[in-house]
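Trainee: Counting the sequence shown from 1 gives a position; our numbering is that position plus 40.
Got a structure here, written out as structure tokens. Questions coming.
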Amino acid sequence: MRQKLVELVNVNKIFSKGFIKKNHKIVLEDINLELFSGDRLVIIGESGMGKTTLARIMVNLEPKSKGDIYWMGKNINKLSSKEKKELSPKIQYVHQDPYGSLHPSKTIFKILADPLKKNEKIVGKNLYNKTLELMEKVGLSPADYYLNKYPHHLSGGGRQRLAIARSLTTNPQVIVADEPISMIDMSLRTTIIELFKELNNEDNLAIVLILHDIGAAKFFTYEKGDVIILYGGKIVEKGRGIKILSNPKHPYTKVLINSTPIVDPELAKNRKIEQLRSYEVPIRTPESKGCPFSHACNQFAQKCLEENPKLKKIEDNHEVACHFC
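Now the structure itself:
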């Protein structure tokens with residue numbers, strides 16, 4: 041039986057500036073999601089759409105403004121400090137920047153061994169063996185070659201593998217990775233996504249990836265997995281990845297996917313990319329009305345300017361927030 045590990049219920053994030061509501065900026069709006077053991081989830085959106093804020097709120101690195109967050113069925117707002125400390129290691133966060141997130145003066149062995157000693161109470165020969173095991177698991181092989189090296193001895197891909205290995209030192213059930221391939225050479229990006237797939241398949245870890253790369257999202261969710269499309273801090277489309285990425289329904293999702301570069305020159309030549317009415321994303325405040333995409337959408341009507349559409353089911357494992365879908 042699959043265990044529900046993380047749940048967000050009507051989560052909102054508002055950046056406040058003074059007491060006047062029109063100066064408040066909505067970053068996330070009524071976010072609802074569930075994450076079970078063994079799940080794959082990709083959250084997609086352009087820069088400034090709230091992806092990183094959502095990821096940080098999921099792992100309790102940033103406070104929400106409204107709503108409820110549950111870890112393993114427990115509302116984290118009602119947990120004691122001791123209970124939070126016990127649950128926190130089960131939900132790990134991998135930062136976007138593999139260069140800045142690793143201690144530059146610690147050896148690779150210490151970067152992994154220190155949290156292992158703290159969280160798993162492993163010492164001596166067992167600690168050495170477990171450290172090597174983690175390194176081999178993430179592809180830092182041969183492990184004994186890297187043990188006494190420092191992060192700056194690794195490539196961007198190697199550093200990201202080390203960051204992933206560090207996240208595994210707490211024996212987590214969930215890993216949330218924020219743009220884990222954005223600062224890695226193009227040739228290595230697929231190998232990092234493949235690593236997350238292996239961790240999901242072999243260890244039944246729930247994996248959440250924050251991405252703007254549509255190709256990487258397709259690769260990660262092709263066999264299984266869900267996708268959430270964010271626009272203006274709102275979920276505009278969600279469901280099975282293969283459905284949404286191959287047959288999008290929301291106007292924004294269509295534009296996002298159709299804007300993805302195509303390698304084949306003949307296909308690229310014949311493709312028509314829809315021109316939006318506007319390419320600026322307006323700042324939404326608590327007083328804003330209507331669909332957040334209405335300023336740009338070519339299908340908009342008066343209703344779109346007045347009513348903010350709610351997610352509605354259009355088929356199994358597929359929901360869209362659009363008045364005309």
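We put the CB at the ideal spot given by N, CA and C, even for glycine.
Predicted model only: the values in this text are computed from it and were never measured.
Taking DSSP's pairing of strands, which residues face Asn52 in a bridge?
Mentor: DSSP lists Lys106 as partners of Asn52.
Trainee: What residues match up with Gly279 in a beta bridge as DSSP calls it?
Mentor: Answer by DSSP bridge pairing, in chain order: Val267 and His358.
Trainee: How many whole angstroms separate the CB atoms of Leu187 and Thr147, which I take to be in contact at a CB cut-off of 8 Å?
Mentor: So it is a contact: roughly 7 Å between Cβ atoms.
Trainee: Could you give the distance in angstroms between the alpha-carbon of Asp253 and the alpha-carbon of Ile215?
Mentor: Rounded to whole angstroms, Asp253 to Ile215 spans 19 Å at the Cα level.
Trainee: From the DSSP output, which residues share a beta bridge with Met115?
Mentor: Residue identity check: residue 115 is Asn in the sequence provided, not Met. Looking at the DSSP assignment, Asn115 forms a beta bridge with Tyr110.
Trainee: Would you kindly check if the distance between the Cβ of Lys274 and the Cβ of Glu69 is under 9 Å?
Mentor: Against a cut-off of 9 Å, the Cβ pair of Lys274 and Glu69 comes out as a contact.
Trainee: Nearest by alpha-carbon distance to Ile37: which of His358, Asn240 and Lys177 is it?
Mentor: Nothing can be reported for residue 37, as the shown portion of the chain is limited to 41 through 365.
Trainee: In this structure, what does DSSP give as the bridge partners for Arg80?
Mentor: Note: Arg80 sits in a beta bridge opposite Ile247.
Trainee: Using the Cα positions of His363 and Ala341, report the straight-line distance between them to the nearest angstrom.
Mentor: Looking at the two C-alpha atoms, the distance is approximately 9 Å.
Trainee: Let me know the secondary structure DSSP gives Tyr139 once reduced to three states.
Mentor: The answer is coil: DSSP assigns Tyr139 none of H, G, I, E or B.
Trainee: I'd like the list of long-range same chain contacts for Ile151, defined as Cβ closer than 7 Å, with 5 residues on each side in sequence excluded.
Mentor: For Ile151, where only same-chain residues beyond five positions count, the Cβ hits under 7 Å are Leu142, His143, Leu202 and Arg206.
Trainee: Exposed or buried, Asn240, counting other C-beta atoms within 10 Å across all chains shown (16 or more means buried)?
Mentor: It counts as buried.
Trainee: Grouping DSSP H, G and I as helix and E and B as strand, with all else coil, what is Ala217?
Mentor: Strand, per DSSP.
Trainee: Do three or more CB pairs link the stretch 96 to 105 to the stretch 174 to 181 at distances below 8 Å?
Mentor: These segments do not touch.
Trainee: Tell me the residue span of the beta strand (DSSP E) that contains Gln132.
Mentor: Segment Ile131 to Val134, the beta strand (DSSP E) holding Gln132.
Trainee: Where does Val67 fall in DSSP's three states?
Mentor: Note: Val67 maps to strand in three-state DSSP.
Trainee: Roughly how many angstroms separate the alpha carbons of Glu347 and Lys329, rounded to a whole number?
Mentor: Spanning the two alpha carbons is a distance of roughly 6 Å.
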